[in-house]
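To keep things clear, I will list the structure first and then write my remarks on it.
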Amino acid sequence: MSIVSQAEQILDRVRAAGAEGDLIIDQGEALSLKAKDGALEEHKVTSSQVFGLRVIKDNRVGTAYSEAADGESLVALVDQALLNASYAAVEAHEKILANALKLETQDAQLSPIDQATVAEKIELALTIEARLAAKPMVKNVPYNGVQDSVGERRVYSTTGLEARSKARMMHCYAYALIESGDKNAMEGIGQAARRFVELDPDRLVDQAYQNTFDILQGAAIPSGKYDVIFDEEILPSLFNVFSMMFSGKSAKDGVNPMRDKLGEEIAGSKLTVRDLPLDTDGFGYALFDDEGTPAQALCLIKEGALSSLIHNSMTASYFNSASTGHGTRGPRSTLGVGLHQLEIDAGTADDAALHA
């Protein structure tokens, strides 16, 4: 039975029970390679498939999931979700959207056919470990790997939604352990691309070594006020610490201090932050969110002022607003909100001025 037929079978049973619902079907394949002391330590091939159903009946929400795809298991999936809903509290704002869109990403762009052989990927893993291990003062390379993963998500609903996205990611990483006298440090870096040929092992090895060497030379500095320049690896981690400030769900739950600050200045006037889910250069690209709502660019902070929170359909209903296309839900999880990929508008200072 095809995926589409399985989805129809599940949703027909939901409708027959007098409920509405949406279904997520995730499929994935992955190759993982790791090297140790010049030999291949791990060669792992995995595949997965999981069905995640959300049903709403009498304003009560129930979820269930199944990794099995036989007819009996899919019937049990629906029955379990309906049973779970019968015990849930009433949630007047969570609904299945009246969305009958047909959405699909472009495989040729986001999930290109891989021309590289497994042997080439194994050779890359061995090369990365060997080159980094040969650097001065490197004791070993405890963490390294080459990965090729393909993930596909389909979202269907009782209102007619059919959405599909598929993406490939080639990933390599390496961490070096350096020892010098009584000092030691471990650090590394990773690379990601959609095509194997876009990975750059020389740059990876050089950056991993330099990152580790820089930490080895690090020392405590006196407390004080310093100007700091963050690199492209660290800056996203910094902003992630504060990501809840944009959450419409945390605002609904009463735990977001920015809930009542829309339009107010919360940062320096030079800061503008946007969420750009349709930028195909990023791995946070999304044509639609996990409810099937089309994704779109959203300005979060404009010239220092908070301009928007992110919403799914439930939080949007609560605030009498519209979904911003930031609904998150996995096959095994309930509805939430999440950012796609942030971009900070460029400033006016050049590199020389920043380092002056």
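Using the numbering used here, the first residue of the sequence shown is number 1274, and each one after it goes up by one.
We treat Cβ as the ideally placed atom computed from N, Cα and C, and that holds for glycine.
Quick one: Cα of residue i to Cα of residue j, how far?
i       : j       : result
Asp1343 : Tyr1429 : 18 angstroms
Glu1345 : Ala1392 : 41 angstroms
Ile1401 : Val1478 : 7 angstroms
Thr1607 : Val1334 : 9 angstroms
Gly1527 : Gly1541 : 26 angstroms
Asn1457 : Leu1450 : 7 angstroms
Asp1387 : Ile1276 : 24 angstroms
Met1518 : Asp1455 : 43 angstroms
Thr1319 : Ala1626 : 49 angstroms
Leu1376 : Ala1568 : 11 angstroms
Arg1532 : Ile1539 : 12 angstroms
Pro1509 : Glu1452 : 29 angstroms
Lys1330 : Gly1491 : 59 angstroms
Gly1600 : Ala1403 : 43 angstroms
Val1423 : Lys1498 : 45 angstroms
Leu1511 : Val1287 : 43 angstroms
Gly1311 : Ile1507 : 31 angstroms
Ser1586 : Ile1462 : 37 angstroms
Thr1378 : Val1470 : 22 angstroms
Gly1620 : Ala1466 : 27 angstroms
Ile1369 : Ala1362 : 17 angstroms
Thr1588 : Val1501 : 37 angstroms
Ala1280 : Ala1559 : 22 angstroms
Ser1359 : Leu1284 : 18 angstroms
Ala1476 : Tyr1446 : The question names Ala, yet the displayed sequence has Arg at residue 1476. Straight-line Cα distance between these residues: approximately 11 angstroms.
Ser1278 : Glu1302 : 22 angstroms
Gly1536 : Pro1385 : 42 angstroms
Ser1438 : Pro1409 : 45 angstroms
Arg1605 : Asn1593 : 28 angstroms
Ile1617 : Pro1530 : 22 angstroms
Asp1421 : Leu1355 : 37 angstroms
Glu1340 : Gly1325 : 9 angstroms
Leu1489 : Lys1412 : 13 angstroms
Starting from residue i and walking both ways along the beta strand (DSSP E), at which residues does that stretch end?
i       : result
Lys1375 : 1375 to 1377
Pro1409 : Looking at the DSSP string, Pro1409 is not in any beta strand (DSSP E), and its letter there is neither H nor E.
Phe1328 : It is worth fixing the name first, because residue 1328 is Val in this sequence and not Phe. Per DSSP, Val1328 belongs to the beta strand (DSSP E) from 1312 to 1330.
Gln1300 : 1293 to 1309
Lys1575 : 1571 to 1575
Leu1612 : Neither: Leu1612 is in no beta strand (DSSP E) and is coded neither H nor E.
Over what stretch of residues does the alpha helix (DSSP H) that includes residue i continue unbroken?
i       : result
Leu1508 : 1507 to 1514
Arg1605 : Looking at the DSSP string, Arg1605 is not in any alpha helix (DSSP H), and its letter there is neither H nor E.
Glu1345 : 1344 to 1359
Ile1276 : 1276 to 1289
Ala1589 : 1586 to 1591
Ala1337 : Per DSSP, Ala1337 belongs to no alpha helix (DSSP H); it is in the beta strand (DSSP E), 1333 to 1339.
Leu1627 : 1624 to 1627
Leu1383 : 1380 to 1383
Does the Cβ-Cβ distance between residue i and residue j come in under 8 angstroms?
i       : j       : result
Val1563 : Ile1298 : Sequence check: residue 1563 is Asp here, not Val. For Asp1563 and Ile1298, no; Cβs fall outside 8 angstroms.
Gly1557 : Gln1614 : yes
Ser1321 : Gln1300 : yes
Val1546 : His1584 : no
Leu1313 : Leu1399 : yes
Leu1350 : Ala1337 : yes
Thr1485 : Glu1505 : no
Asp1548 : Ala1524 : no
Leu1383 : Ala1436 : no
His1316 : Ser1590 : no
Leu1472 : Gln1464 : yes
Leu1602 : Arg1426 : The question names Leu, but residue 1602 in the sequence shown is Arg. No, these two residues do not count as a Cβ contact at 8 angstroms.
Leu1448 : Ala1407 : According to the sequence provided, residue 1448 is Tyr. The question's Leu does not apply to it. No.
Leu1397 : Pro1474 : yes
Asn1357 : Leu1434 : no
Ile1574 : Leu1612 : no
Consider the C-beta atom of residue i and the heavy atoms of the ligand SAH; say whether any pair is separated by less than 7 angstroms.
i       : result
Thr1597 : Ligands are entirely absent from the displayed structure, and the ligand SAH is therefore not among its contents.
Stretch pair the stretch 1419 to 1434 + the stretch 1291 to 1308: three plus CB contacts closer than 8 angstroms: yes
Given 8 angstroms, three or more beta-carbon pairs between the stretch 1415 to 1422 and the stretch 1298 to 1308: yes
4 or more residues per run - each alpha helix (DSSP H) lying fully within the stretch 1446 to 1534: 1474 to 1489, 1507 to 1514, 1521 to 1525
Entirely enclosed beta strand (DSSP E) segments - the stretch 1534 to 1567, minimum 3 residues: Segments of the beta strand (DSSP E) lying fully in the stretch 1534 to 1567: 1546 to 1548.
The stretch 1574 to 1592 touching the stretch 1510 to 1525, judged by at least three CB pairs closer than 8 angstroms: yes
Cβ contact check for the stretch 1504 to 1516 and the stretch 1441 to 1450: 3 or more pairs under 8 angstroms: no
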